[in-house]
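K.L.:
My questions will all concern the structure given below.
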Amino acid sequence: MKRSRQAVTIAFIANLTIAVFKLVAAIFSRSASMLAEAYHSFSDTFNQVFLFIGIRQSKKKPDELHPFGYGKEQYFWSFLVAMLLFVVAGVLSVRNGYEKLFHAHPLEHIALTYAALGLGFLMDGYSFSVAYKHIRRFMKREKIKSIFQAIRHSKNSVILTVFFEDSLALVGITIAATGITLTHLTGNLVFDSIASIIIGIMLMIFAVLLAYEVKKLLIGEAMSRRKKNQIREIVNSFKEVNRVIRLNTMHMSAEEALIVIEVNFKDNLTVPKLEKVINRICAKVQEKIPKAQVIVEAEDK
590 MKRSRQAVTI AFIANLTIAV FKLVAAIFSR SASMLAEAYH SFSDTFNQVF
640 LFIGIRQSKK KPDELHPFGY GKEQYFWSFL VAMLLFVVAG VLSVRNGYEK
690 LFHAHPLEHI ALTYAALGLG FLMDGYSFSV AYKHIRRFMK REKIKSIFQA
740 IRHSKNSVIL TVFFEDSLAL VGITIAATGI TLTHLTGNLV FDSIASIIIG
790 IMLMIFAVLL AYEVKKLLIG EAMSRRKKNQ IREIVNSFKE VNRVIRLNTM
840 HMSAEEALIV IEVNFKDNLT VPKLEKVINR ICAKVQEKIP KAQVIVEAED
890 K
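Residue numbers for the sequence shown follow the numbering used here, beginning at 590 and rising by one.
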């Protein structure tokens, strides 16, 4: 949770600073792609606020209405981030670029746009590096080699969202810089407008991908096959166990999970012995997955 908060804090400071600079540059330069980048950065700034809310809400203690806690609040607010990214940053960027195709204005104060883009690249680059380090730690811990596999298997929607946002920010800045440079060199304003449209379409596509990844967690995604195999090995290591009948798991947050295990036990166990074995199994599983809520049920015979 601490790492998630750190990544969001850095992203918030970076995006707010960049958003102001980009907006000033867009106003003075009259650049469509620069305005698209301003939309993008302001959207990301509000996104960080949503992520902060998600982190805070997810820390609430379980109650009668939510006995398993509020961990999934993170996923809900991350899903809202994807929607905001699509509607605000994506749609407005496409609309702005389309309008400028037919009502273009000559670019002014080009140096100011390059300064804003350069600052944006530096600050987003640093924010990206922080999120990337968290992804790399996850890859090392889970023994995952591919960054794409890490994104697919990560259950930390906050880090995942920041990583997506910062990746898009760096690509968006590159596209905007290319459009502005081509317009400056050729005098053709179409390049700047097309850059704005491309940025908008890119944001909408990635917003849908992010929403899809978060949706899986929001509705209840199981733990990885490797983790489930580890749980089976732990349970089967007890001499009182014949076999695991059923193993259901669900991520409740980035760090918490619900694990329900139905076990076929040896026939010679008394009720007191059975209770002790079940407690030992729960404790052993929680050693491997510390914040898991483990429920072990004996098979009905």
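All residues carry an ideal CB built from backbone N, CA and C; glycine is no exception.
Source: prediction; values computed, not measured.
Less than 8 Å between the C-beta atoms of Leu807 and Phe665, yes or no?
P.N.:
Their beta carbons are under 8 Å apart, which means Leu807 touches Phe665 by this criterion.
K.L.:
Buried or exposed: where does Asn604 fall if 16 or more other Cβ atoms within 10 Å of its Cβ makes it buried?
P.N.:
When all chains shown are included, Asn604 counts as buried.
K.L.:
Is the beta carbon of Ala720 sitting closer than 8 Å to the one on Val751?
P.N.:
The answer is yes: Cβ separation under 8 Å.
K.L.:
Using 8 Å as the threshold, is the C-beta distance between Ala843 and Ser716 below it?
P.N.:
Contact flag unset, no.
K.L.:
Could you work out which residue in Glu851, Met672 and Lys862 is closest to Ala800 when comparing CA atoms only?
P.N.:
The candidate whose alpha carbon is nearest that of Ala800 is Met672.
K.L.:
In chain order, which alpha helix (DSSP H) runs of at least 4 residues are fully inside the region 642 to 730?
P.N.:
With a minimum length of 4 residues, the continuous alpha helix (DSSP H) runs that stay inside the region 642 to 730 are 662 to 673 and 681 to 691.
K.L.:
Roughly how many whole angstroms lie between the Cα atoms of Glu731 and Glu754?
P.N.:
The alpha-carbon atoms of Glu731 and Glu754 are separated by roughly 23 Å.
K.L.:
What three-state label does DSSP hand Thr859 in the structure shown?
P.N.:
Coil at Thr859, not helix or strand.
K.L.:
Given that a residue counts as buried once 16 or more other Cβ atoms are within 10 Å of its Cβ, and exposed if not, what is Phe657?
P.N.:
That one is exposed.
K.L.:
When you compare the CB positions of Glu829 and Leu858, do they come within less than 8 Å of one another, or not?
P.N.:
A contact, by the Cβ cut-off of 8 Å.
K.L.:
Apply the 10 Å Cβ neighbour rule to Gln663 and answer buried if 16 or more other Cβ atoms are within range, or exposed otherwise.
P.N.:
That one is buried.
K.L.:
Considering just the uninterrupted stretch of the alpha helix (DSSP H) at Met793, what are its terminal residues?
P.N.:
First-last of the alpha helix (DSSP H) with Met793: Val779 to Leu807.
K.L.:
Answer with buried or exposed for Asn685, where buried requires no fewer than 16 other C-beta atoms within 10 angstroms of its C-beta.
P.N.:
That one is buried.
K.L.:
Does DSSP put Glu829 in a helix, a strand or coil?
P.N.:
The answer is coil: DSSP assigns Glu829 none of H, G, I, E or B.
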